[in-house]
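Asker: Residue numbers (my numbering), protein chains in the order written: chain W, -12 to 214; chain P, 86 to 484. Built from N, CA and C at the ideal position, the CB exists for glycine as well. Everything numeric in this text was worked out from a predicted model, so none of it was measured.
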C-alpha cells in the first residue's frame, strides 16, 4: 500500500522555482492498476520517482506498506528498491555489455542471492518471457520488444510488490507496445501493484484507475472500467 | 552483492572495452617496467662499484698530510703543515691495532729496459703493501722487508708493464731503469684489471724511499694502516692521531677510514639509484594521468548505467566500490604486466650484455607494484565519488 500525504517537490531551474508536485496526496492500495496521465511537465514522472524512492520530496509524508519511508537512510531506501520495487523505463536501460540473461540477473546479484538460486530464477524468467533463445544475446542484438521484455523480466525477478513503468511503450510501435502492456497486465493479474505513467490516452484507459495531473496537482482521480 | 560477483562485474566492464583497457593498463605497465629496469641497472652499478672498491680490503685507514681548518688570526709559521715521513710510518707500526703499515707515494715516470721504454704509473710502496691491499704476486716476490730508510733497489712489475716491456720473457733479475735510477726486477704482480679507468696493471712498484728520490719529493703522499679485522675504527683513528700529534706537535694531517669513504660512496650511489628510480617514476606518473582520464570517461559514459544500478537497489557505497575496484584492478594488471616486462628485459640484458651490471632490487619491485595499486586507487577516487554522487533521476534521463 502506497500512502502519499501532502507531497511537495520543488525544482530550481536557474532563478525560477518549479513546483513539480504541489501538495499532492494519493493512496494506492496493493494490487491496484493505476495509470498516471497528463501533459509533459505535469509532474507525473516526478510522482513516479518519489514512489520509487529515486527522488525525495521537499515536504510531505510517504508511507509504504504502513512504514514511513521518507525518514529512512539511503541504504535502507536502497534495500526497499531492491526488494519491493521494480522499474520499467521507456528507454529500457539495459547494460549494453551484458547478455540478456545477465541483465535479468543483475538485481539478484545486487541482492546477494546465491549463484545457484540465481540461475534457476533467471531460467524461469527467460522461459516466462519467451526469451530462452535470446539469453546469450546482447541488447544491441535484440529488437525493441525483446529489450523491453528483458527489462520487464529484470524488474520482476526479485518479485517486487510494486511495478513502476514510465512510458513503457514510448519507444515501441503500436503492436509491440500492446504486447508489452499485456505482459505488464499479467503481472497485475498475479497480484502486483502496477503503476504506469503515460500520455497515451488509449494506454491509460486500460488501467482500472486513472489519475490525471496538471501543473503538479492531481486534476482527476477516478475509477475506470477498461472495455 | 558478494565479493566474487563484484569482481566479476568489474571484470566484465574492463573486458567490454578491451583495447581501451589494454592501452591504459600499458601506460602503467611501461612506467613500472621503466622503474624496475632503471633501478635494476642502478642497483647493479652500485654493487659493482662497491665491490670494486672493497676488493682491496675494508680495514684500511689512510692518512694524508695537511688538514683543512679555520684559524683565528694569521697562519704565520704554524700555517705550513709538516710533511708525512717514513719515520711517521715506522712510528705507527707499533700502534695497538696495526696489522700492516705502508708509506705510499706515486707518480709518473719513464721506465726503460733492453732498448724499450714506456711511461707508466710508478708507485713507491712498503713491503707490506701487497698484503694490506690483497694484491697477488704472479711471479717471483714482492718488495722484501728491508730497512725502510735504506731499501735495496728492487722493482716489481705490474702485469701489463711486464708484457709491454718483456713480452713473454721471464723478467726476473733483469735491470730496469726508472727515471734516472736502476732497479733489479724481483717480481711481477697478478693482473688486477682496471678500476675507474686507472689501469692497475700498467704500473711498477719500487720501495718508497727510492720513489721519493726518483720523484725528488720529501714527503709521502699517504700512509695506509691496515688494522686487525674487528678492531674498533674509532680507537684505531684515535691511536693514529695520538702518535702523530706527539710527533708533529699538532694535528696537521687528515685520517680517513676506508669505511667512511665507503659509506660516503654508498650514499652517493644511493642518491644516484633514487634519481634513476625517480626518472622511471615520471613515466609512471604519465601512466597515472592516463588512468585518471580513462576513469573519468568511464563514469561519464556510464551515467545511465549508474542510474539504473541505483534504481535496482545498489547503494552509493556499492557504486563507489565498483568504480574504485575497476581502476585498481586496471592499474594492478598494468603493474603486474610492467613487472614481468621490466624483470624480463633486465634478465635479458644480464644475459646478453654480460659486463653490464644488472641487479633487480626486489624491494623496489614490490614498492613499484604497491605504487601501481595506489595509483589505481587514487585515480579512481574522484571518478568513483562523482559516480556515487549522481542523482539517479538525472542519471536515468541521460542516454
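1. So what does DSSP say about residue 323 of chain P, is it helix, strand or coil?
2. Is it right to say residue 101 of chain W is buried, meaning 16 or more other beta carbons lie within 10 angstroms of its own, or is it exposed?
3. Can you tell which of W/17, W/21, W/37, W/-11 has its C-alpha closest to the C-alpha of residue -3 of chain W?
4. Name the residues in the stretch 23 to 37 of chain W whose C-beta lies less than 9 Å from a C-beta of chain P; which are they?
5. Under three-state DSSP, which class holds residue 302 of chain P?
6. What separation, rounded to the nearest whole angstrom, lies between the Cα atoms of residue 260 of chain P and residue 243 of chain P?
7. Under 8 Å Cβ-Cβ, which residues of chain P neighbour residue 82 of chain W?
8. Please decide whether residue 118 of chain W counts as near chain P, where near means a Cβ-Cβ distance under 9 Å.
9. Please state the DSSP three-state secondary structure of residue 143 of chain W.
10. From the beta carbon of residue 104 of chain P, is the nearest beta carbon of chain W less than 9 Å away?
11. For residue 437 of chain P and chain W, any beta-carbon pair shorter than 9 Å?
12. Does the distance from the C-beta atom of residue 405 of chain P to that of residue 346 of chain P stay below 9 Å?
13. Could you name the residues of the stretch 464 to 481 of chain P whose beta carbon sits closer than 7 Å to any beta carbon of chain W, in the order they occur along the chain?
14. Buried or exposed, going by whether 16 or more other CB atoms sit within 10 Å of the CB of residue 162 of chain P?
15. Give the DSSP-derived three-state secondary structure of residue 213 of chain P in the structure shown.
16. Check whether the stretch 334 to 342 of chain P touches the stretch 134 to 150 of chain P, taking contact to mean three or more Cβ pairs, one atom from each stretch, closer than 8 Å.
17. Between residue 475 of chain P and residue 391 of chain P, how many whole angstroms is the CB-CB distance? I'm expecting something under 8 Å.
18. Look up residue 201 of chain P in the DSSP assignment and say whether it is helix, strand or coil.
19. Cβ closer than 7 Å: which chain P residues qualify as neighbours of residue 76 of chain W?
20. Apply the 10 Å Cβ neighbour rule to residue 173 of chain P and answer buried if 16 or more other Cβ atoms are within range, or exposed otherwise.
21. What three-state label does DSSP hand residue 140 of chain P in the structure shown?
22. Flag residue 87 of chain P as yes if its beta-carbon sits less than 9 Å from any beta-carbon of chain W, otherwise no.
23. Taking Cβ to Cβ, would you say residue 293 of chain P is nearer than 9 Å to residue 233 of chain P?
24. For residue 381 of chain P, I'd like the list of residues in its chain whose CB is within less than 7 Å of its CB, leaving aside the five on either flank, ordered along the chain.
25. Please specify which runs of the alpha helix (DSSP H), each continuous and at least 4 residues long, are wholly inside the stretch 87 to 169 of chain W, giving them in chain order.
26. Need the endpoints of the alpha helix (DSSP H) that residue 22 of chain W sits in, please.
27. Less than 9 Å between the beta carbons of residue 12 of chain W and residue 39 of chain W, yes or no?
28. What's the gap between the Cα of residue 105 of chain W and the Cα of residue -1 of chain W?
29. Going along chain W in order, which residues have a C-beta closer than 7 Å to the C-beta of residue 97 of chain P?
30. Strictly under 9 Å for the Cβ-Cβ distance: is residue 160 of chain W near chain P by that measure?
31. For residue 181 of chain W, which of helix, strand or coil comes out of DSSP?
32. Would DSSP call residue 115 of chain P helix, strand or coil?
33. At a CB-CB cut-off below 7 Å, which residues of chain W make contact with residue 399 of chain P?
34. Measure from the C-beta of residue 128 of chain W to each C-beta in chain P and report whether the shortest distance is under 9 Å.
35. According to DSSP, is residue 189 of chain W part of a helix, a strand, or is it coil?
Answerer: Walking through what the data contain:
1. Here residue 323 of chain P sits in helix by DSSP.
2. Around the beta carbon of residue 101 of chain W, fewer than 16 other beta carbons sit within 10 angstroms, so the residue counts as exposed.
3. Among W/17, W/21, W/37, W/-11, the Cα nearest to that of residue -3 of chain W belongs to W/37.
4. Result list: 32, 33, 36.
5. Three-state DSSP puts residue 302 of chain P in coil, outside helix and strand.
6. Straight across, the Cα-Cα distance linking residue 260 of chain P with residue 243 of chain P is about 15 Å.
7. Correct list: 390, 393.
8. No, its Cβ sits nowhere closer than 9 Å to a Cβ of chain P.
9. Residue state, collapsed to three classes: helix.
10. Judged by the 9 Å Cβ criterion, residue 104 of chain P is not in contact with chain W.
11. Chain W has no Cβ within less than 9 Å of the Cβ of residue 437 of chain P.
12. In this structure, the beta-carbon distance from residue 405 of chain P to residue 346 of chain P does not fall below 9 Å.
13. Within the stretch 464 to 481 of chain P, the qualifying residues are 477, 478, 481.
14. In this predicted model, residue 162 of chain P has a pLDDT of only 49, less than 50, meaning its place in the structure is not dependable enough to derive any value.
15. Residue 213 of chain P falls in the coil class under three-state DSSP.
16. Cβ pair count under 8 Å is three or more, so yes.
17. Confirmed, about 5 Å.
18. Here residue 201 of chain P sits in strand by DSSP.
19. In chain order, 481 make up the part of chain P whose C-beta sits under 7 Å from the C-beta of residue 76 of chain W.
20. It is buried - the Cβ of residue 173 of chain P has at least 16 other Cβ atoms within 10 Å.
21. In the structure shown, residue 140 of chain P sits in coil (DSSP, three-state: anything other than H, G, I, E or B).
22. So, interface residue.
23. The answer is yes: Cβ separation under 9 Å.
24. For residue 381 of chain P, where only same-chain residues beyond five positions count, the Cβ hits under 7 Å are 468.
25. At a cut-off of 4 residues, the continuous stretches assigned as alpha helix (DSSP H) that sit fully inside the stretch 87 to 169 of chain W are 87 to 97, 102 to 115, 131 to 143.
26. First-last for residue 22 of chain W: 20 to 24, but that is the beta strand (DSSP E), not the alpha helix (DSSP H).
27. In this structure, residue 39 of chain W does not lie closer than 9 Å to residue 12 of chain W by Cβ.
28. The straight-line gap from Cα to Cα measures roughly 43 Å.
29. For the C-beta of residue 97 of chain P, the chain W residues within less than 7 Å are, from N- to C-terminus, 84, 85.
30. No, residue 160 of chain W lies away from the interface with chain P (no Cβ there is under 9 Å from its Cβ).
31. The answer is strand: DSSP assigns residue 181 of chain W an E or B state.
32. DSSP, reduced to helix, strand and coil, places residue 115 of chain P within a helical segment of the structure shown.
33. Those are 65, 97, listed as they occur along chain W.
34. Residue 128 of chain W does not count as touching chain P.
35. Reduced to three states, the DSSP call for residue 189 of chain W is helix.
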